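Heads up: the sequence shown runs through residues 337 to 875, numbered per the working numbering.
Remarks on the structure that follows.
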Amino acid sequence: MDYKVKITVGRYRRTRDFRSDLATLRAFRGEHVGPALLESLEELGLLRPRIRLFWPDTVARRIWLETHNWANELHDPVEPDGPRMDAASDLWNALHNAGFKSPSDQGHPFDSPKPEWFEFLQASDQQSFVPHRKRRVRVSSETHPDLHDSDNIQDFYSSWQLLAAAEIAEIGIHIRVNMADEETATKVRDDIRNERWPGGRTSEAFAPTRALRDFDKYKAVLDAIEWSREEERDRTFRMLQGLGGGRIVLNEEQIADRDEVRRTVAREACTRLDVSADGLIGCCRFLAGRWHEWHREGRPLVADAYKIFLAEAVRLLQIQFEMGFDAINEAVGFQGQGGSRTLEVIWPDWDAEQIDRLVRTLRAPDLSEHQLQAFGKFLRENFQDAIFHRLRSFEKHAFEYGHARISGMHSDLQGMAVAVEQVVRAMGGQGTQLSKMFRDLWDGTEVGRILKKQKTLLERGQPLGSLLAEINAIRELGGESEKAADLILATRVRGAVHHALEVENQLELEELLLRVLRAAALTHAQLYPVSALAADGAE
337 MDYKVKITVG RYRRTRDFRS DLATLRAFRG EHVGPALLES LEELGLLRPR IRLFWPDTVA
397 RRIWLETHNW ANELHDPVEP DGPRMDAASD LWNALHNAGF KSPSDQGHPF DSPKPEWFEF
457 LQASDQQSFV PHRKRRVRVS SETHPDLHDS DNIQDFYSSW QLLAAAEIAE IGIHIRVNMA
517 DEETATKVRD DIRNERWPGG RTSEAFAPTR ALRDFDKYKA VLDAIEWSRE EERDRTFRML
577 QGLGGGRIVL NEEQIADRDE VRRTVAREAC TRLDVSADGL IGCCRFLAGR WHEWHREGRP
637 LVADAYKIFL AEAVRLLQIQ FEMGFDAINE AVGFQGQGGS RTLEVIWPDW DAEQIDRLVR
697 TLRAPDLSEH QLQAFGKFLR ENFQDAIFHR LRSFEKHAFE YGHARISGMH SDLQGMAVAV
757 EQVVRAMGGQ GTQLSKMFRD LWDGTEVGRI LKKQKTLLER GQPLGSLLAE INAIRELGGE
817 SEKAADLILA TRVRGAVHHA LEVENQLELE ELLLRVLRAA ALTHAQLYPV SALAADGAE
């Protein structure tokens, strides 16, 4: 999927990695997302690490000493050999071998810590705030008499706490005063420093507070989502080790192994954390509702972060509980404004969206909606999606600015002509020339008679610009001549792809693309009458 943000879904994210992902969300506007920010959130009790690794001072010095070859004998006591040091070394090694580097599928060491590790670990409800500067351990020596190390305490966050942090950034009471007025601004700052009410109008956003309650409610589900995603990633990596670098094409056996990994980790995640389908659906509703709110507020980065977790939740429902997308969409329902279910808004039906665009583009007196719906269905069933892609690309270029806009439309028009030739061949056209295919498929009709009469124009190998006047003269006759003219135009655009288009007027280019595409739709309507298709339920 295409996301505007890149965050890693994982259950034990080191502070620096968590902070890096949080910065990409641009949630704390005007604030630097550095160590001080997370420290302040912890101090206020708003966001605590999921788990804290806490080495006693003597153990921390022993680890520091053994990982710094240049270090001398320290001033302060160092942990001696013994059971506690053995346990610390075991945990330290397990952490360094966690993830895709692990030789087995036993998961992260924090998932099921050994009893002897407990004295080094603190869950969020066991943590007490200490200013981070005071947490450091002294590792001074004769050569470095004033040296401290901060790795004695290491914090780990769940990646879903990124979403909670974004909500926290919006929480609180907003006071609106005229800070552009220097006198007012000075008074407000002085009032706040002295704990006085600064005046002004206030407002409070209640949605973030409700969201934080829902994070508590769905914590186990969010943990399961992370566990499943991270374990699948790591186990798949280990499975594919030794197959070489770069992109890998899996064989059938490897695909089966990968699918088994997905099923296994989904089952383990839900079993380990006691997560049900109802719990996942409830979490999907929560995530979808928050996506809608952030999207509606014009905050696409945070909205995309919610979308990432929502996608993983939907995927877990599909794999573990074998629910199809339509069933999940129905269960999640309407979590925002508008007449569409929220999942349909987030992930619209690509086929339906493209066919609707086709209908809106081509609907005309000689091409009904039913005919165009049948044409769109034909394109999808016969692997002719190039038509949809070219039409979408042309529209994108038509509504953007810049010097490359017209050249992009030129490329799309010529590409559409090639795509039309492929569609006509899929309808039964024979031979290598689009002109012959049109004559054969329209044989026995008035349009076919006009094409035969205009054979020279139909096959004239000249740049499009020198032929447009003659083609348009035929079109102005109306009726079947209008259809024939569009077939001739499509043929000549296709035949002249090796010539540069010299049309610079955007409206003319839009009309040309419309007529080239009409040629294929008209041919389909001629070969597959709607009445016959409707009898088979295609209408």
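Beta carbons are placed, not taken as given, at the ideal position from N, Cα and C, and that holds for glycine.
These figures come from a predicted structure and were not determined experimentally.
{"Item": "6 Å CB neighbourhood of Ala541 in its chain, flanking five on each side removed", "Value": "Glu506"}
{"Item": "Between the CA atoms of Ser539 and Glu588 - distance to the nearest angstrom", "Value": "59 Å"}
{"Item": "Distance between Leu727 and Arg329 (C-alpha atoms, nearest Å)", "Value": "As displayed, the chain neither begins before 337 nor continues past 875, which places residue 329 out of reach and without an answer."}
{"Item": "Coil, strand or helix - Ala521 by DSSP", "Value": "helix"}
{"Item": "Check whether Phe888 and Ile387 have beta carbons under 7 Å apart", "Value": "This structure cannot speak to residue 888, because the chain is shown only from 337 to 875."}
{"Item": "Test item: CB-CB of Val341 and Leu358 under 7 Å", "Value": "no"}
{"Item": "Top-ranked residue by Cα proximity to Ala755, from Leu853, Phe774, His746, Leu804", "Value": "Leu853"}
{"Item": "Coil, strand or helix - Ile343 by DSSP", "Value": "coil"}
{"Item": "Of the listed residues Asp776, Ala826, Asp779, nearest to Leu793 (C-alpha basis)", "Value": "Ala826"}
{"Item": "Buried or exposed (CB count within 10 angstroms, at least 16 for buried), Val611", "Value": "buried"}
{"Item": "Sequence-distant residues of the same chain with beta carbon closer than 7 Å to Glu795, five excluded per side", "Value": "Ser771"}
{"Item": "Through-space distance from Ser376 to Ile489, alpha-carbon basis", "Value": "17 Å"}
{"Item": "DSSP three-state assignment for Glu415, whether helix, strand or coil", "Value": "coil"}
{"Item": "Ser477 - partner residues in DSSP beta bridges", "Value": "Leu410"}
{"Item": "CB contact flag (Glu562, Ser495, <7 Å)", "Value": "yes"}
{"Item": "Contact check, Glu566 vs Arg598, beta carbons under 7 Å", "Value": "no"}
{"Item": "Tyr642 - containing alpha helix (DSSP H), residue span", "Value": "636 to 656"}
{"Item": "Cα-Cα separation, Pro534 to Glu648", "Value": "45 Å"}
{"Item": "Beta-carbon contacts of Gly873 that lie in its chain and below 6 Å, excluding the five residues immediately before and after", "Value": "In this prediction, Gly873 scores a pLDDT of 46, lower than 50, which makes its location untrustworthy; the coordinate-derived value is nonetheless stated afterwards. For Gly873, where only same-chain residues beyond five positions count, there are no Cβ hits under 6 Å."}
{"Item": "Residue(s) in a DSSP beta bridge with Gln458", "Value": "Arg388"}
{"Item": "Same chain, Cβ closer than 7 Å to Met763, neighbours up to 5 away in sequence not counted", "Value": "Leu777, Thr859, His860, Leu863"}
{"Item": "Residue from Trp627, Gly831, Gln690 whose Cα sits closest to the Cα of Phe645", "Value": "Trp627"}
{"Item": "Local Cβ density within 10 Å of Gly784, reported as buried at 16 or more and exposed below that", "Value": "buried"}
{"Item": "Helix, strand or coil at Ile507 [DSSP, three-state]", "Value": "coil"}
{"Item": "Neighbourhood of Ile878 by C-beta distance below 7 Å, restricted to the same chain and skipping five residues each side", "Value": "Lying outside 337 to 875, the shown extent of the chain, residue 878 is not represented and no answer is given."}
{"Item": "Extent of the continuous beta strand (DSSP E) to which Phe735 belongs", "Value": "Where Phe735 is concerned, there is no enclosing beta strand (DSSP E), given that its DSSP letter is neither H nor E."}
{"Item": "Cβ neighbours of Arg349 in the same chain (closer than 8 Å, five flanking residues each side left out)", "Value": "Asp357, Phe492, Tyr493, Ser494, Ser495"}
{"Item": "C-beta atoms of Tyr554 and Cys619 nearer than 7 Å", "Value": "yes"}
{"Item": "Residue of Gln463, Ala430, Ser460 minimising C-alpha distance to Ser448", "Value": "Ala430"}
{"Item": "Buried/exposed call for Ala868, threshold 16 Cβ in 10 Å", "Value": "Bear in mind that a pLDDT of 48 at Ala868, under 50, signals an unreliable position, so the number given afterwards is only what the model happens to contain. When all chains shown are included, Ala868 counts as exposed."}
{"Item": "Coarse secondary structure for Ser356, derived from DSSP in three states", "Value": "helix"}
{"Item": "Three-way DSSP call (helix, strand, coil) for Ser771 in this model", "Value": "helix"}
{"Item": "Chain-order list of residues whose beta-carbon lies under 7 Å from that of Asn408 (same chain, five-residue window excluded)", "Value": "Ser477, Glu478, Thr479"}
{"Item": "Assigned exposure category for Ala688 - 16 Cβ within 10 Å defines buried", "Value": "exposed"}
{"Item": "Host alpha helix (DSSP H) of Gln862 (start-end)", "Value": "842 to 863"}
{"Item": "Cα-Cα separation between Ile824 and Leu787, rounded to whole angstroms", "Value": "8 Å"}
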